[in-house]
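J.:
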Amino acid sequence: MTYTEFINETDAKLAGLYGPEERRAMAARLLQHFCGISRYEHIIEPFGTIAPEKIPVLQRSTNELAMARPLQYILGFAEFAGNLFHVEEGVLIPRSETEELVRWILSELKTNRDIYRTECTILDAACGSGCIGVSLASSLAGLKLYMCDISEKALEVTRLNINKILKQDSECTIFKYDLLGESPITDFIPEGSLDVLVSNPPYVRDSEKEQMHRNVLEYEPSIALFVPDEDPLKFYRAIALIGMKTLKASGMLFFEINEAFGKDVLEMLESLGYSETELRRDLNGRERMVKASFSQCRESLQDGQSHAGI
């Protein structure tokens, strides 16, 4: 079987499930991974021959794709922010849109370089595969990183990615934590110690499930995706309250959000005392990211004002 024959066969097998360009790109990615060819070899040498011993794994993989199993689970990794993150069933697959949030955080930290002269401390809440926190740590020397999730599988995969990607100069603390539970976050993180709190929590409303692709609904963990329609901001509210306990006066809060609730998230943060709130669009023009400053909020707390639920 030639490269072209395999790509055409895969294209036909996945028709109706994915678009033409995506189908052929998936086929090429399987060739690169399992046959060890370069990214463009199937284009330069379209009639190159696939080794007979590679055909069974390729056919098995295309059959899995035809059942809507995500390509990243088949390969065992996802590309994110220049690194290859281990992923498997039970852990949300990193999205390219989230890379924009990582770049925004890094840009803000560089802009405020005088504030962050010493060790920077970050919490990645609802860390999933660890893609946000690990990507930040791989770009910031001497980072002190906290990562939490309610899922044991997510924490297991995060540990794998820390060991695979990070250098020795990053200090990482991983812990299981229910963001909606009653355990004090200060059992794990010292009060007023964080420079950055970042989270990409569940934010897809249950009513939006019908708009989602099979590969997400049937394979990715629902606990990492969905929130009830009657309270879609519940994770953002809980994390903002955690920030009021753990952020420094100069600290910043970052969220990835559902584009339908950008203004609602900003209003909720401002009602808690956060300031300098900013809503940012992604490369597709959708309002998907939020930043807020904690300075005025910390000042109000120091002045003795109380906030319920902290």
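The opening residue of the sequence shown carries number -3 in the working numbering; numbering runs sequentially from there. Cβ atoms here follow ideal geometry from the backbone N, Cα and C, with glycine treated the same way.
1. Distance check for Lys244 and Ile185, CA to CA, integer angstroms please.
2. Checking 9 Å against the spacing of the C-beta atoms, do Ala220 and Ser147 come in under that value?
3. Does the beta-carbon of Asn108 have 16 or more other beta-carbons within 10 angstroms, so that it is buried, or is it exposed?
4. Is DSSP giving Arg201 helix, strand or coil here?
5. For the region 171 to 246, list the beta strand (DSSP E) runs that are entirely contained and at least 3 residues long, ordered along the chain.
6. Please name the residue in Leu97, Lys50, Arg35, Gln55 whose C-alpha comes closest to that of Asn4.
7. Take the Cβ of Lys205 as the centre, count every other Cβ of all protein chains shown within 10 Å, and call the residue buried at 16 or more, exposed below.
8. Secondary structure at Val286, three-state DSSP: helix, strand or coil?
9. Counting C-beta neighbours from all protein chains within 10 Å, is the total for Ala8 16 or more, i.e. buried, or is it exposed?
10. Name the two residues that bound the continuous alpha helix (DSSP H) containing Ala135.
11. What three-state label does DSSP hand Lys140 in the structure shown?
12. Can Arg284 and Met264 be called in contact, C-beta distance under 9 Å?
13. May I ask you to list the residues that DSSP assigns as paired with Ala11?
14. Tell me which residue opens and which closes the beta strand (DSSP E) that Asn79 is part of.
15. What residue ranges within the region 35 to 95 form continuous alpha helix (DSSP H) runs of no fewer than 4 residues, ordered along the chain?
16. Any idea if Ala77 is buried or exposed, counting beta-carbon neighbours within 10 angstroms, 16 or more meaning buried?
17. So is Asn280 buried or exposed if we call it buried at 16+ other beta carbons inside 10 Å?
18. What is the rounded straight-line gap between the Cα of Lys160 and the Cα of Ala64?
19. Candidates Val200, Lys163, Ala62, Ile235: which alpha carbon is nearest Phe222's?
20. Assuming the contact rule is C-beta atoms closer than 8 Å, Ile158 and Cys168 should be a hit. Round their C-beta distance to whole Å, please.
21. Under a three-way DSSP split, which group does Cys168 fall into?
22. Alpha carbon to alpha carbon, how far is Glu178 from Phe171?
23. May I ask whether a heavy atom of the ligand FAD can be found less than 8 Å away from the beta carbon of Thr273?
24. Please tell me whether Ala121 and Ile235 are closer than 9 Å, where the distance is taken between their beta carbons.
25. Closest to Phe251 by CA distance: which of Val130, Lys287, Leu156 is it?
T.: Working from what's here:
1. 12 Å
2. yes
3. exposed
4. strand
5. 190 to 195
6. Gln55
7. exposed
8. strand
9. exposed
10. Checking the displayed sequence, the identity of residue 135 turns out to be Ser instead of Ala. It spans 127 to 135 - the alpha helix (DSSP H) in which Ser135 sits, taken as one unbroken run.
11. strand
12. no
13. Tyr14
14. 79 to 82
15. 37 to 40, 51 to 62, 67 to 71
16. buried
17. exposed
18. 28 Å
19. Val200
20. 5 Å
21. strand
22. 15 Å
23. Among the ligands in the structure shown, none appear at all, so the ligand FAD cannot be discussed.
24. yes
25. Lys287
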